[in-house]
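Undergrad: Have a look at this one before I ask anything.
Numbering (the working numbering), first residue to last: 175 to 294.
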């Protein structure tokens with residue numbers, strides 16, 4: 175993971191944590207929101223593997239871990255890796271083959287839990 179990307183992810187999360195202090199913004203991302211920012215979903219009508227990630231980060235910033243897991247279970251993993259990579263850039267958490275396995279798991283999860291239900 176690129177260090178600039180890690181910084182971006184962490185800054186977005188910290189900003190969300192700060193925004194959670196404002197009571198009026200706590201419900202900005204609801205499960206059934208009509209706002210669609212994902213270009214893949216706009217074009218195909220199907221969710222991408224990252225769909226729900228922003229709402230999951232928002233839930234995490236409000237310490238709603240269960241909600242974040244339901245929205246996108248990989249958000250916690252991505253946030254964890256981003257924090258570690260940002261603050262300990264020389265630490266190699268996993269070998270390259272681990273990330274390949276993670277990509278396969280994400281794609282399988284996407285097909286079985288997002289694409290197939292969306293098509294039925």
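Built from N, CA and C at the ideal position, the CB exists for glycine as well.
Relative to the alpha-carbon of residue 224, which residue among 248, 216 and 239 has its alpha-carbon at the smallest distance?
TA: 248
Undergrad: Output needed for residue 258: all residues of its chain with C-beta closer than 7 Å, excluding positions within five of it in sequence on either side, in chain order.
TA: 265 and 267
Undergrad: Is residue 276 helix, strand or coil when you go by DSSP?
TA: helix
Undergrad: Could you pull out every residue in the same chain whose Cβ sits closer than 7 Å to the Cβ of residue 221, ignoring the five residues on either side in sequence?
TA: 215, 288 and 292
Undergrad: Evaluate residue 231 with the Cβ neighbour count: other Cβ atoms within 10 Å of its Cβ, from every protein chain shown; 16 or more gives buried, anything less gives exposed.
TA: buried
Undergrad: Could you spell out the range, first to last residue, of the alpha helix (DSSP H) harbouring residue 235?
TA: 227-235
Undergrad: First and last residue of the alpha helix (DSSP H) that includes residue 291?
TA: 290-293
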